[in-house]
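Okay, structure first, notes after.
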Amino acid sequence: MKSMATPNVVDAPPRPEPPVGPRLIRWGVTLAILIPFIWGTLGLEISPGRIARAPELVWSIVSSMFPPDWSNTGRSIEKMLESLYIAWVATIIGALFSFVLGFLAATNMAPRWVATPVRATLSAIRAFPELVLAIMLIPAFGLGPFTGTLALGLHSIGTLGKLTSEVIEGIDEGPLEAMKAAGGTRLSTIRFGVLPQAMPNILAYWLYRFEINVRASAVLGIIGAGGIGADLFSFLKFRDFPQAGMTLIVVMVTVLFIDAVSGTVRRRIITGEPGKGPVSRLLGLLRISRTAQPA
Amino acid sequence: MTAPPEITTFEISPTDRPAPPPRSGPFFVVVLLIGLAFAVAGVVSGGIAVVWGLASGVLAAAALRWRGLTSLPGESLAIVFASALGLGLSGWALGQRGSSIEGTTALLAALGWLLPGAAIGFAVWRNSDRLRLTSVWVSAVGWALAAFFVFLWAEGLGATEGLSRTAIQAGEIVELTPTFYATSGFFVALIGAGVTLSLLVGSPALPAVAGSITFTLFAASQIGFSVIKVASEADKLNVLAQEFWPAEWKWANLTGQPVANQIVEPMVETMQIAVVGATVGCLVALPIAFLASKATTFNAPTFWGSRLFMNVIRAIPDLFWAMIFVSAVGFGSPFAGALAMIMFSLGIMAKLLSETVDGVDPGPLEASRATGAVHSQVVQYSAMPQVLPHYVAYALYIFELNIRASVVIGIVGAGGIGRLLDEQRVFFQWDRVMAIAIVIWVSVIVIEMVSVTVRRRLV
Chain A
1443 MKSMATPNVV
1453 DAPPRPEPPV
1463 GPRLIRWGVT
1473 LAILIPFIWG
1483 TLGLEISPGR
1493 IARAPELVWS
1503 IVSSMFPPDW
1513 SNTGRSIEKM
1523 LESLYIAWVA
1533 TIIGALFSFV
1543 LGFLAATNMA
1553 PRWVATPVRA
1563 TLSAIRAFPE
1573 LVLAIMLIPA
1583 FGLGPFTGTL
1593 ALGLHSIGTL
1603 GKLTSEVIEG
1613 IDEGPLEAMK
1623 AAGGTRLSTI
1633 RFGVLPQAMP
1643 NILAYWLYRF
1653 EINVRASAVL
1663 GIIGAGGIGA
1673 DLFSFLKFRD
1683 FPQAGMTLIV
1693 VMVTVLFIDA
1703 VSGTVRRRII
1713 TGEPGKGPVS
1723 RLLGLLRISR
1733 TAQPA
Chain B
231 MTAPPEITTF
241 EISPTDRPAP
251 PPRSGPFFVV
261 VLLIGLAFAV
271 AGVVSGGIAV
281 VWGLASGVLA
291 AAALRWRGLT
301 SLPGESLAIV
311 FASALGLGLS
321 GWALGQRGSS
331 IEGTTALLAA
341 LGWLLPGAAI
351 GFAVWRNSDR
361 LRLTSVWVSA
371 VGWALAAFFV
381 FLWAEGLGAT
391 EGLSRTAIQA
401 GEIVELTPTF
411 YATSGFFVAL
421 IGAGVTLSLL
431 VGSPALPAVA
441 GSITFTLFAA
451 SQIGFSVIKV
461 ASEADKLNVL
471 AQEFWPAEWK
481 WANLTGQPVA
491 NQIVEPMVET
501 MQIAVVGATV
511 GCLVALPIAF
521 LASKATTFNA
531 PTFWGSRLFM
541 NVIRAIPDLF
551 WAMIFVSAVG
561 FGSPFAGALA
571 MIMFSLGIMA
581 KLLSETVDGV
591 DPGPLEASRA
601 TGAVHSQVVQ
611 YSAMPQVLPH
621 YVAYALYIFE
631 LNIRASVVIG
641 IVGAGGIGRL
651 LDEQRVFFQW
661 DRVMAIAIVI
671 WVSVIVIEMV
681 SVTVRRRLV
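Residue numbers (this note's numbering), protein chains in the order written: chain A, 1443 to 1737; chain B, 231 to 689.
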């Protein structure tokens, strides 16, 4: 019994030194973040005093937006609806064209000599920010929502085309081969082999693009391409902060609402399961379930 | 000897097998046909609502009969009768309106559409073993709701094309034209038939597509956008080519700087704004993302609080942030731009990362909690290593987004190359705008290529 109480003295082997590699990587990553960051701050015309004063300045602007001035809310909502229409039509344009271009840009659907130039065109379109595109269309089509819609639509073609082609490239080739073996034509292979696999994701991307387009079209007004942006721009320019606050709230509520609805629908499309929301419950009430059916 | 056990045989007839659920696809044609039925009937009605209803009822019943959705002659007769009565009532209600169609008129006119909706719903229900009787009600209400919104927005949908605008403004009551009946009937029937048949299919695809088509046409006419307009304005692209080409790279500089610096320096400033915005934004997003995920949050208030904060920040577009900060810290300052980019990056990173944290394996978290780790240690040693590769990939993606976003924030006075763009734009110097656009375009493409390569290596 006594012997168990005596501590066992074991010669501990020397602890291995931590390897150098990870430490080097850690330092390298830190420097790779820190050096550009410091370089970046050099160009911002800032001083410690300016940073310290910034929260106070921002707070004074935000607090002067409250209480918001609700007198012009009707007009703001109308303008926000215009932004919404622009976003919707642009998304439809993007969806229609990108659907075709997406197939042409997918390497498993189109020959390489078609796919490569289509891809290049899509990324060339995408590289212009929406606002720059709108600025460049103004001399031809003038100010107004028409130009904004065209610009947003063009940009949407670029982004959706890329996403669509990626979805199509990611599909399972098995069903396609089976259909080809059974003598299916090219069109029926696409209809029954590609679309059932790709369509849920493509649809979800369309909705996602609509969410982005709502934000983008809210901004377009700044350069006079329609929508609510013009109002907010002038309110802030003329320092009418209560009205600006009201406009911001209208934008925020609309964007949050669209995000929520679109997010729910997207989840429903991707998972393929009936949701638990009121709409699904209503649809469930109307149908006679198969198991309860009398024999 | 014992008798051999009796063998029971089961006869399986093919009818015992449940029929596969119908698919939306074939029904699109029926929906379109019913829509066209109401449109054609509107054209031939000569502006008399009862004739409109009678004709559309006959055509719609024929379309349904063609696909075997109705069987008895009685059902077809019911559809014809209900639509004649319903559309007659609807036309009468519309006749009681003032100059334009107001909410009450639209509501009254919509009530008439309950009848054809119910009749078609009833016929479909009779011929299906999948539906409950409630579906008839839903069908009726679906048609009426569609009618209400179409009448309310009839002007936007082009349905009042036949009514003269001056007459409406003068407050005169104008007879409804066949065009009005045809257009509004088409859209109501498209959505209504979509609702009725979607009950049969059990998927909302039909009314969703019908509604999307209707809303697209409505939205397009509200903003003055149409295919015809695009086609007729296409020749204006020549104007673009003339105005923008050739790009002008050298313009009079007022500040006495070397000419090359005119474009390059603001572009460098843009990069600096993007770098600072991405770095600070991604760092600040880290704690918020962990608080906004159920797996690593403290309690309900911090969870909902941080989620609300995250969503509100994301709901304001980047340029609006820039405008707010420009008002606060001064016009033309890149500092305002950097602040805006911080908010922009923060919103996206917090959202992406919190969704990733939601999906972490809870095992390691539980293990470290079991060894007595405090909350911060759980996050640092169990959650963080799982999400780190994603975090780095997101950070690069956000840097890429920041470059795109920060080239335009100068338009509202937040520094960078956008300021230059705005200066030349307001003086219609399109050839200079072209030069700036080319610089932006090339930088965006280069950054994207680099970022994509690095991300592919990382993940």
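C-beta: ideal position from N, C-alpha, C; glycine also. Note that the coordinates shown come from a computational prediction; the quantities given were computed from them, not determined experimentally.
Are residue i and residue j closer than 7 Å when you measure CB to CB?
| i | j | result |
| --- | --- | --- |
| B/Gly-645 | B/Pro-547 | no |
| A/Val-1574 | B/Ala-665 | no |
| A/Gly-1668 | A/Glu-1524 | yes |
| A/Ala-1557 | A/Thr-1563 | no |
| A/Thr-1591 | A/Leu-1579 | no |
| B/Leu-549 | B/Val-431 | no |
| B/Gly-342 | B/Leu-307 | no |
| A/Ile-1824 | A/Leu-1645 | Since the first residue of chain A shown is 1443 and the last is 1737, residue 1824 of chain A is not available in this structure. |
| B/Ala-374 | B/Leu-345 | no |
| B/Ala-279 | B/Ile-309 | no |
| B/Val-505 | A/Gly-1482 | yes |
| B/Ile-647 | B/Gly-567 | no |
| A/Asn-1655 | A/Ala-1529 | yes |
| A/Leu-1499 | B/Val-559 | yes |
| B/Gly-422 | B/Leu-436 | no |
| A/Ser-1540 | A/Gly-1491 | no |
Which one of the options has the shortest CA to CA distance from residue i?
| i | options | result |
| --- | --- | --- |
| B/Met-354 | B/Thr-426, B/Ala-285, B/Ile-675 | Before going on, a small fix: residue 354 of chain B reads as Val here, not Met. Cα-wise, what sits closest to B/Val-354 is B/Thr-426. |
| B/Val-609 | B/Leu-436, B/Phe-520, B/Asp-359 | B/Phe-520 |
| B/Ala-292 | B/Ala-267, B/Ala-464, B/Thr-407, B/Lys-459 | B/Ala-267 |
| B/Phe-455 | A/Pro-1638, A/Pro-1617, A/Ile-1534, A/Ala-1496 | A/Ile-1534 |
| B/Trp-322 | B/Ala-340, B/Pro-517, B/Gly-333 | B/Ala-340 |
| B/Val-498 | B/Ile-670, B/Tyr-611, B/Pro-303 | B/Ile-670 |
| A/Ser-1598 | A/Asp-1673, A/Ala-1569, A/Trp-1469 | A/Ala-1569 |
| B/Trp-660 | B/Leu-470, B/His-620, B/Val-371 | B/Leu-470 |
| B/Trp-367 | B/Gly-347, B/Ser-358, B/Val-274, B/Ser-557 | B/Gly-347 |
| B/Ala-377 | B/Ser-365, B/Phe-417, B/Thr-364 | B/Phe-417 |
| B/Ala-336 | B/Phe-379, B/Val-457, B/Gly-298 | B/Phe-379 |
| B/Ser-462 | A/Val-1703, A/Ala-1537, A/Phe-1583 | A/Phe-1583 |
| A/Gly-1705 | A/Pro-1617, A/Phe-1652, A/Val-1531, A/Ser-1489 | A/Phe-1652 |
| B/Thr-527 | B/Pro-496, B/Ser-606, B/Asp-591 | B/Ser-606 |
| A/Tyr-1527 | B/Val-604, B/Thr-444, B/Phe-539, B/Thr-238 | B/Thr-444 |
| B/Phe-574 | B/Val-587, B/Val-676, B/Ile-628 | B/Ile-628 |
| B/Asp-591 | B/Ala-290, B/Asp-652, B/Ala-603, B/Pro-615 | B/Pro-615 |
Can you name, in chain order, every residue of its own chain whose Cβ lies under 7 Å from the Cβ of residue i, other than the five neighbours on each side?
| i | result |
| --- | --- |
| A/Val-1462 | none |
| A/Ala-1660 | Ser-1525, Gly-1669, Ile-1670, Gly-1671, Val-1693 |
| A/Ala-1734 | The pLDDT assigned to A/Ala-1734 is 43, lower than 50, so where the model puts this residue is not dependable; a value taken from the coordinates is nonetheless given after this. Result list for A/Ala-1734: empty, nothing under 7 Å. |
| B/Leu-576 | Gly-511, Val-514, Ala-515, Ile-543 |
Please list, in chain order, the chain B residues whose beta carbon lies closer than 7 Å to that of residue i.
| i | result |
| --- | --- |
| A/Arg-1657 | Pro-547 |
| A/Phe-1508 | Going along chain B, no residue has its Cβ under 7 Å from A/Phe-1508, so there is no contact; the nearest lies around 13 Å. |
| A/Ile-1475 | Thr-509 |
| A/Tyr-1527 | Ala-449, Gln-452, Ile-453 |
Who are the near neighbours of residue i in its chain, counting only those whose CB is closer than 8 Å to its CB and skipping five residues on each side?
| i | result |
| --- | --- |
| B/Val-674 | Ile-633, Arg-634, Val-637 |
| A/Ile-1632 | Phe-1545, Met-1551 |
| A/Ala-1737 | Only weak support is given to the placement of A/Ala-1737: the predicted model assigns it a pLDDT of 38, under 50, and the value that follows is read from those uncertain coordinates. There are no such residues. |
| B/Ala-508 | Met-571, Ser-575, Ala-625, Ile-628, Phe-629, Asn-632 |
Excluding the five sequence neighbours on either side, which residues of its own chain have a C-beta within less than 6 Å of the C-beta of residue i, listed in chain order?
| i | result |
| --- | --- |
| B/Thr-272 | It is Gly, not Thr, that sits at residue 272 of chain B in the sequence shown. Same-chain partners within the cutoff: Trp-282, Pro-408, Tyr-411, Ala-412, Gly-415. |
| B/Ser-681 | Leu-626, Glu-630 |
| B/Val-510 | Ile-572 |
| A/Ser-1739 | In the structure as shown, chain A starts at 1443 and stops at 1737, and residue 1739 of chain A therefore has no counterpart that could be examined. |
| B/Ser-584 | Ala-519, Ala-522, Ser-523 |
Strictly below 8 Å CB to CB, what residues from chain A border residue i?
| i | result |
| --- | --- |
| B/Val-505 | Pro-1478, Phe-1479, Trp-1481, Gly-1482 |
| B/Leu-420 | What B/Leu-420 touches in chain A: nothing, since even the nearest Cβ is about 16 Å away. |
| B/Thr-446 | Trp-1530, Val-1531, Ile-1534 |
Under 8 Å Cβ-Cβ, which residues of chain B neighbour residue i?
| i | result |
| --- | --- |
| A/Gly-1612 | Under the 8 Å cutoff, chain B gives no residues; its nearest Cβ is about 15 Å from A/Gly-1612. |
| A/Arg-1492 | Val-559, Phe-565 |
| A/Ala-1500 | Note on residue identity: the sequence assigns Val, not Ala, to residue 1500 of chain A. Within 8 Å Cβ-Cβ: Ile-554, Phe-555, Ala-558, Val-559, Leu-569. |
If the cut is a Cβ gap below 7 Å, which residues of chain A does residue i touch?
| i | result |
| --- | --- |
| B/Ala-568 | Leu-1486 |
| request: Could I get the ranges of all uninterrupted alpha helix (DSSP H) runs contained in the stretch 601–674 of chain B, with 4 residues as the minimum, in chain order? | output: Counting whole runs of 4 or more residues, the stretch 601–674 of chain B contains the alpha helix (DSSP H) stretches 605–608, 614–638, 647–656.
| field | Whole alpha helix (DSSP H) elements within the stretch 482–551 of chain B, 4-residue minimum | value | 491–521, 530–545
| task | Taking only runs that begin and end inside the stretch 1501–1569 of chain A, name each unbroken alpha helix (DSSP H) of 4 or more residues, in chain order. | result | Within the stretch 1501–1569 of chain A, the runs of alpha helix (DSSP H) that reach at least 4 residues and sit entirely inside it are, in chain order, 1515–1547, 1554–1568.
| Secondary structure, beta strand (DSSP E): runs of 3+ residues fully inside the stretch 578–602 of chain B | Fully enclosed beta strand (DSSP E) runs of 3 or longer: not present.
| said: Threshold first: 4 residues or longer. Then list the alpha helix (DSSP H) segments lying entirely within the stretch 1450–1499 of chain A, N to C. | reply: 1462–1484
| task | Taking only beta carbons into account, state which residues of the stretch 1645–1672 of chain A come closer than 8 Å to chain D, listed in chain order. | result | You won't find chain D in this structure, because its protein chains are A and B.
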